[in-house]
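Down below is the structure, laid out as structure tokens.
Given below as structure tokens:
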């Protein structure tokens, strides 16, 4: 008799544990009808066992994509293996509110889930158990970190004053583009330009005025770029642009437009207008250029030519 | 590495391990064929004691310089602990999608989904067979994405290098008429190796 009571006691405890454990437990049959619904599920869904028993999971929770879930469950029925889903695949299986509705950042719970086979006395699997874990905090932290990293990456690539790429990242892009072109040659031009007599701007109007000139130059440059072009601030008043799928003629058109835009630009600082111009050098990538550094040198020497020719103009480096 | 601490496998132990995994794999292939309605070809498992850098090298030699995607999943039970790593050649996705009857267009997200499904099926089938052979039951952690579209070095860059030696069982999966090439590495921790060898010793007697 005492033994019998013990077994009943034990069963009672086990049921208590199933009820009060803070993960969702759902037993489903092969038609995906609910046969067990523990208190985690009851409390989060506000549905009592009497509301859900014998009803299809998909009809009760239309947010759960049927084909998606069936695919996972089918492998459990056939292989008798557990299957897993994570919040990175799908935020939730069943749309529950965040456990912390007041201070929580996420509106809905992030869930991982495990689907395990329930093997009956004959060794068959006619039921599966869906276990739902609340992983909201982990998920929110991970997403926060991912966003912070993306922001850091962005910051580490960007020049503060101009919001163009900084020299380090731009040079990495140049190297990548150079290598890509060696594998799959296509027309590609490098344009380098700088502001004529920039020292004079600084000396005459002061450094804040010089900064304004650089900012407006970058803005004008940006307005003349296509999405694929890669522009960076190469030095103090020096800029560099990789024009993808552009030959010398195309680069010439770009250079002339930029030159003319800058010449006609009205930059004011403290009520004084600062007129200025730029000089540009162009180098189209060709087989004689055998390194990214060599490409920069070629564009730089064209820029030097433009300076010699009296500034406010552009020159092409001829191989 | 301190030579005195290095574990060595005897020829018998290696043969026995290979045999156990081979039987386990045979069962896995059978289950998979039933689920996927396709004939699954598994290579003879290759058993080796490896260091972290050896693993990257072994994968490199299997997958070549092409970009790969991978998932890993931890498991433990019966005193054994380890991880399963599943590495897919990126060229496999189109066929993998048709194998798993995916209808939507392939993008990064569906590929992630496919990797997880493949991990559920392949890792589950393989470890279930092994657990039966060794008469243990494993618990599993959720599968984690190692990375997508990376070279092997990048894929394993963020994994820890705290351990010196692990027992690696390497299995190559191919599926008939499909261009799916995938490697499954079953990696057992150093402290599991002794327990495994004890279990094997019983089988060898």
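Protein chains in written order, with our numbering: chain A, 202 to 520; chain B, 984 to 1188. Glycine included, every Cβ here is placed at the ideal spot set by N, Cα and C. Please read these numbers as outputs of a predicted model, since none were measured by experiment.
Straight-line Cα distance separating residue j from residue i
i                       : j                       : result
residue 1137 of chain B : residue 413 of chain A  : 42 Å
residue 491 of chain A  : residue 355 of chain A  : 30 Å
residue 464 of chain A  : residue 375 of chain A  : 28 Å
residue 264 of chain A  : residue 457 of chain A  : 57 Å
residue 1023 of chain B : residue 385 of chain A  : 38 Å
residue 1001 of chain B : residue 1154 of chain B : 11 Å
residue 985 of chain B  : residue 991 of chain B  : Any reading at residue 985 of chain B must be qualified, since the residue scores a pLDDT of 46, below 50, and its modelled position is unreliable; no value is offered.
residue 275 of chain A  : residue 1017 of chain B : 11 Å
residue 287 of chain A  : residue 1065 of chain B : 20 Å
residue 987 of chain B  : residue 1178 of chain B : For residue 987 of chain B, the predicted model reports a pLDDT of 47, less than 50, meaning its position is unreliable; a value from the coordinates is still stated below. Going from the Cα of residue 987 of chain B to the Cα of residue 1178 of chain B covers about 19 Å.
residue 1170 of chain B : residue 1034 of chain B : 11 Å
residue 180 of chain A  : residue 391 of chain A  : Any property of residue 180 of chain A remains undetermined from this structure, which presents chain A solely from 202 to 520.
residue 1142 of chain B : residue 340 of chain A  : 20 Å
residue 512 of chain A  : residue 306 of chain A  : 57 Å
residue 259 of chain A  : residue 267 of chain A  : 6 Å
residue 1086 of chain B : residue 1096 of chain B : 13 Å
residue 567 of chain A  : residue 485 of chain A  : Examination of residue 567 of chain A is not possible in this model, given that chain A is present from 202 through 520 alone.
residue 1173 of chain B : residue 1148 of chain B : 6 Å
residue 1186 of chain B : residue 1005 of chain B : 15 Å
residue 504 of chain A  : residue 362 of chain A  : 23 Å
Continuous beta strand (DSSP E) stretch holding residue i: start and end
i                       : result
residue 439 of chain A  : 439-445
residue 334 of chain A  : 326-335
residue 395 of chain A  : 389-396
residue 1028 of chain B : Element bounds for residue 1028 of chain B: n/a, residue is neither H nor E.
residue 473 of chain A  : 473-475
residue 318 of chain A  : 312-320
residue 1004 of chain B : Element bounds for residue 1004 of chain B: not the beta strand (DSSP E) but the alpha helix (DSSP H), 994-1019.
residue 470 of chain A  : 468-470
Residues bridged to residue i [DSSP beta-bridge criterion]
i                       : result
residue 376 of chain A  : None, per the DSSP bridge assignment.
residue 1165 of chain B : B/1071, B/1156
residue 1064 of chain B : B/1059
residue 237 of chain A  : A/228
residue 1127 of chain B : B/1055
residue 1149 of chain B : B/1033
residue 298 of chain A  : A/309
residue 434 of chain A  : A/440
Extent of the continuous alpha helix (DSSP H) to which residue i belongs
i                       : result
residue 452 of chain A  : 449-464
residue 1139 of chain B : Here residue 1139 of chain B belongs to no alpha helix (DSSP H), and DSSP marks it neither H nor E.
The ligand ADP heavy atom lying under 6 Å from the CB of residue i
i                      : result
residue 351 of chain A : The ligand ADP is not part of this structure, which contains no ligands at all.
Exercise. Should the segment 1098-1108 of chain B be regarded as contacting the segment 1067-1080 of chain B, the criterion being three or more beta carbon pairs within less than 8 Å?
Worked result: The segment 1098-1108 of chain B vs the segment 1067-1080 of chain B: in contact.
Problem set entry | Members of the segment 985-1017 of chain B near chain A, C-beta cut-off 7 Å | 1014, 1017
For this session: Below 7 Å between beta carbons is the criterion; list the residues of the segment 301-324 of chain A that meet it against any residue of chain B, in chain order.
Result: 313
Problem set entry | the segment 1013-1030 of chain B / the segment 1156-1173 of chain B touching (three or more Cβ pairs under 8 Å) | yes
For this session: Output, in sequence order along the chain, the residues in the segment 1162-1176 of chain B whose CB is closer than 9 Å to any CB in chain A.
Result: Cβ contacts with chain A come from no residue of the segment 1162-1176 of chain B.
For this session: Below 7 Å between beta carbons is the criterion; list the residues of the segment 337-358 of chain A that meet it against any residue of chain B, in chain order.
Result: The segment 337-358 of chain A vs chain B, Cβ under 7 Å: nothing.
Exercise. How do the segment 422-432 of chain A and the segment 361-380 of chain A stand: do at least 3 beta-carbon pairs fall below 8 Å, yes or no?
Worked result: Remark: three or more beta-carbon pairs, one from each stretch, lie closer than 8 Å, so the segment 422-432 of chain A and the segment 361-380 of chain A are flagged as touching.
Exercise. Hey, is the segment 1120-1129 of chain B in contact with the segment 1007-1014 of chain B, meaning 3+ C-beta pairs nearer than 8 Å?
Worked result: no
Exercise. Is the segment 467-482 of chain A touching the segment 394-411 of chain A in the sense that three or more CB pairs, one from each, lie closer than 8 Å?
Worked result: Contact holds: three or more Cβ-Cβ distances are below 8 Å.
Exercise. Looking at chain A, which residues of the segment 1106-1125 of chain B have a Cβ within less than 7 Å of any of its Cβ atoms?
Worked result: 1107, 1108, 1111, 1123, 1125
Problem set entry | Residues within the segment 280-295 of chain A neighbouring chain B, beta-carbon criterion of under 8 Å | 280, 281, 282, 283, 284, 285, 286, 287, 289, 290
Exercise. Quick one: any contact between the segment 325-341 of chain A and the segment 287-296 of chain A, if contact means 3 or more CB pairs under 8 Å?
Worked result: yes
For this session: Note down, in chain order, all residues in the segment 253-279 of chain A with a beta-carbon under 9 Å from any beta-carbon belonging to chain B.
Result: 268, 269, 272, 273, 275, 276, 277, 279
Problem set entry | Segment contact flag, the segment 215-225 of chain A with the segment 234-241 of chain A, C-beta cutoff 8 Å, min 3 pairs | yes
For this session: With 9 Å as the limit, tell me which residues of the segment 1123-1157 of chain B have their beta carbon closer than that to any beta carbon of chain A; keep them in chain order.
Result: 1123, 1124, 1125, 1126, 1127, 1128
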